[in-house]
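This report refers to the structure that appears directly beneath it.
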Amino acid sequence: MDYKKMIFQFGVLIDTFSDSCDDKNLSKLISEIEIFVEKEKIEKKLSAILFYYLGNAWSSLDNIRNRNDSNIWLLNRDEFDQSIINYRKAINQIDDNGENSNLSCSLFTNLANAYSQIGRPISAIALWNKSLLINKNFQMAIGNKGQGLFEYSKMMYDPSHRDLIGRESFFLLSKLDYKKLHYTASEIFKNIKEKLGSYFSDEYLRKEFDTEKYELGSRQNEIDYWNWVLNTSLFLNPLNDINKSNTVAHDILSLPSMIVPKELKHDEPIFHRLFNEIKQEFISLRYFYYKYLISQEDLIHFSDSNRNLINTLDYSQLGLKYEYLKISFRMAYSIFDKISYFLNKYLVLNIPDHKVSFKNIWREYDTGKNKFTKELCIHIIDLKNKPLRGLYFISRDFYELDESLSLVLDPDAKNIAKIRNYIEHKSFIIHWDIAGWTEKESYSYHIAEKDFSNKCFFLIEKVREAIIYLSLSVHSEEEKSENDDITIPIIMPSYDY
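Its first residue numbered 1, the sequence shown is counted upward by one per residue in the UniProt record's numbering.
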């Protein structure tokens, strides 16, 4: 069987049915391709192309069924979920030898576009950047990143951040060769560029990115740390996603001006207090992870002297270095639940405090039966709050709403909840390497150091993303508020250090 020819024909049919908005035949074709994938053994290179086509097909089906009505704000759209899952399957099939560079560019761009659509611009920016690292002139990555930054800029509560991100959008859209673009995409990008061009003065567009420059420290260890934070985009600062100079080297993110809901009957700044706690915990865990990274392999910390530990002959790794890693993981994971606690209070969801978690806050809570239903929370859906929607989809990277299903949207998040459970309550063993390791008992969770370190960093990135969306989701709600009552503003000073 000529798999290459067959897969090419699948691609042609997907484009044909998508362009004609043929829901019925596109749906039928998807089923046929999925059966084909299940039955046939295809080499990785062709398999990547096939999953890419499937992702496009599901994305088109989502557009046909949901784009022109209120369904676009539904949090649970199977067509959308399937498009992301298939793009990720395709990415997992791609080798790093450069043979599929064009496919990689398209995959990263399409997955980024999906993230941007659901309110996750930070993840989208990272993927557009991956595409542009492969091919800096890839037009659809440049154009879609420009459009995505324009949408991201509109989420900002800080006017200077809004303008700087919008300006970067304008620069990207100005790089495009519009003659090479599909007419529809070309018109969308042109329209955004014209809007931004009429908004910004020529002088503003010409000047350098010259916000205040922050010192990275007086000692080399401080400079090294802050450079690491900058280059990994881990500052709590939306500008760090588009700029890695010391002009953005500060954790400036905060809550916008806000009105405390009447139902809470609080005069105290409860939300700013909780946000401070969340922010400080992130800043600390970020440093703990860095301390793990710079700890020398062969140097035992003085606090680990005279331990009298038994050699269990399994090459397990013990010591302060590995505790830094575990602590940063635990702290990162716990922040998700604190974000949920914040949302429960702020959105007045009335879920009992002891039942609030990042996993279940998105469900309807039946106060009569004192339990969660399987339905998504109508109140959250009706808010039509894009950053809040982004928070929901971050939760989908770690949990499935229905435990009977195995649909978790990010393979990198696999087992993270299980790891946390073993670290907190059971036995968790880090090894240099677990190649050839055979599990002899179920009392411990065994993992290679590199794998755990990667999962921990992934988790830290997602927590940063979630904290930024939390702030922006509050801003989105506060913009809607029309309060007719007399309110007395309280000016909250910052700590002077």
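Note that beta-carbon positions come from the ideal geometry of N, C-alpha and C, so glycine has one too. Everything numeric in this text was worked out from a predicted model, so none of it was measured.
If we call anything under 8 Å between Cβ atoms a contact, is residue i one with residue j?
i: Ile-468; j: Pro-269; result: no
i: Phe-288; j: Tyr-324; result: yes
i: Leu-196; j: Phe-150; result: yes
i: Ile-447; j: Phe-329; result: no
i: Glu-40; j: Pro-256; result: no
i: Ile-7; j: Leu-46; result: yes
i: residue 520; j: Asp-62; result: This structure leaves residue 520 out entirely; the chain is present only between 1 and 497.
i: Ser-131; j: Ala-141; result: yes
i: Leu-133; j: Leu-111; result: no
i: Leu-253; j: Leu-274; result: no
i: Asp-177; j: Gln-147; result: no
i: Val-356; j: Ser-334; result: no
i: Leu-216; j: Trp-228; result: no
i: Leu-293; j: Ala-332; result: no
i: Met-155; j: Pro-387; result: yes
i: Arg-65; j: Asp-23; result: yes
i: Leu-26; j: Phe-17; result: yes
i: Phe-452; j: Phe-342; result: no
i: His-431; j: Ser-295; result: no
i: Ala-249; j: Tyr-214; result: yes
i: Ser-174; j: Arg-162; result: no
i: Gly-119; j: Tyr-53; result: no
i: Tyr-3; j: Ile-30; result: no
i: Tyr-445; j: Ile-429; result: yes
i: Lys-44; j: Gln-93; result: yes
i: Leu-459; j: Ile-416; result: yes
i: Ala-185; j: Phe-336; result: no
Mapping the DSSP letters down to three states, classify residue i as helix, strand or coil.
i: Glu-403; result: At Glu-403 the pLDDT is 49, less than 50, meaning the model places this residue with poor confidence and gives no usable figure here.
i: His-475; result: helix
i: Asp-484; result: Confidence in Asp-484 is poor, its pLDDT being 48 and thus under 50, which makes the residue's placement unreliable; the coordinate value appears in the next sentence. Three-state result, Asp-484: coil.
i: Ile-14; result: helix
i: Tyr-445; result: strand
i: Tyr-398; result: Before going further, note that residue 398 is Phe rather than Tyr in the sequence given. Coil.
i: Met-6; result: helix
i: His-425; result: helix
i: Asp-337; result: helix
i: Ile-434; result: coil
i: Leu-316; result: For the sequence presented, residue 316 should be read as Ser rather than Leu. Strand.
i: Leu-299; result: coil
i: Asn-92; result: helix
i: Ile-118; result: coil
i: Asn-86; result: helix
i: Arg-464; result: helix
i: Arg-330; result: helix
i: Asn-415; result: coil
i: Arg-420; result: helix
i: Asn-100; result: coil
i: Glu-203; result: helix
Identify which residue in the options has its Cα closest to the Cα of residue i.
i: Lys-207; options: Met-156, Leu-216, Lys-326 and Leu-164; result: Leu-164
i: Tyr-115; options: Tyr-214, His-250, Gly-11 and Phe-393; result: Phe-393
i: Lys-455; options: Glu-187, Asp-397 and Ile-223; result: Asp-397
i: Lys-480; options: Asn-135, Asn-415, Met-258 and Ala-90; result: Met-258
i: Glu-34; options: Asp-19, Asp-22, Ser-18 and Lys-89; result: Lys-89
i: Ile-283; options: Ile-327, Ser-60, Lys-321 and Trp-128; result: Ile-327
i: Thr-373; options: Ile-361, Val-229, Ser-471 and Trp-58; result: Ile-361
i: Ala-48; options: Ser-106, Pro-352 and Ile-64; result: Ser-106
i: Ile-380; options: Glu-38, Asn-76 and Phe-10; result: Asn-76
i: Ala-57; options: Gln-82, Val-37 and Leu-74; result: Gln-82
i: Tyr-443; options: His-425, Asp-433 and Glu-449; result: His-425
i: Tyr-322; options: Lys-450, Asp-78 and Lys-44; result: Lys-450
i: His-301; options: Ser-316, Leu-320, Tyr-290 and Lys-291; result: Leu-320
i: Glu-281; options: Leu-29, Leu-74, Ser-59 and Arg-464; result: Arg-464
i: Ile-378; options: Ser-395, Asn-370, Lys-179 and Leu-347; result: Leu-347
i: Ser-395; options: Ser-471, Asn-246 and Lys-462; result: Lys-462
i: Thr-232; options: Ser-471, Asn-129 and Asn-137; result: Asn-129
Just checking my contact of residue i with residue j at CB under 8 Å: how many whole Å lie between their CB atoms?
i: Ser-473; j: Leu-391; result: 7 Å
i: Ile-278; j: Lys-338; result: 5 Å
i: Leu-230; j: Lys-244; result: 5 Å
i: Ile-122; j: Glu-168; result: Not a contact, Cβ separation roughly 14 Å.
i: Gly-55; j: Asn-86; result: 4 Å
i: Glu-375; j: Arg-389; result: Between Arg-389 and Glu-375 the Cβ distance is about 17 Å, and since that is not below 8 Å, they are no contact.
i: Phe-171; j: Phe-200; result: The Cβ separation is near 10 Å, so there is no contact.
i: Gly-143; j: Phe-108; result: So it is not a contact: roughly 14 Å between Cβ atoms.
i: His-354; j: Tyr-157; result: Between Tyr-157 and His-354 the Cβ distance is about 32 Å, and since that is not below 8 Å, they are no contact.
Just to check, is the beta-carbon of residue i closer than 7 Å to a non-hydrogen atom of the ligand FMN?
i: His-354; result: Summarising the ligand content, the structure contains no ligands, and the ligand FMN is consequently not present.
Whole beta strand (DSSP E) elements within the stretch 343-396, 3-residue minimum:
Every unbroken stretch of the beta strand (DSSP E) spanning 3 or more residues and falling wholly within the stretch 343-396 is given here in chain order: 363-366 and 371-376.
Counting only runs that start and end within the stretch 18-75, where is the alpha helix (DSSP H) found for 4 or more residues in a row?
23-39 and 44-66
Write down every uninterrupted run of the alpha helix (DSSP H) in the stretch 123-201 whose length is 4 residues or greater and which is fully enclosed by it, in chain order.
With a minimum length of 4 residues, the unbroken runs of alpha helix (DSSP H) contained wholly in the stretch 123-201 fall at 139-153, 159-174 and 183-199.
List in chain order: all unbroken alpha helix (DSSP H) runs of 4+ residues lying wholly within the stretch 206-285.
Taking only runs of at least 4 residues, the alpha helix (DSSP H) segments lying wholly in the stretch 206-285 are 220-231.
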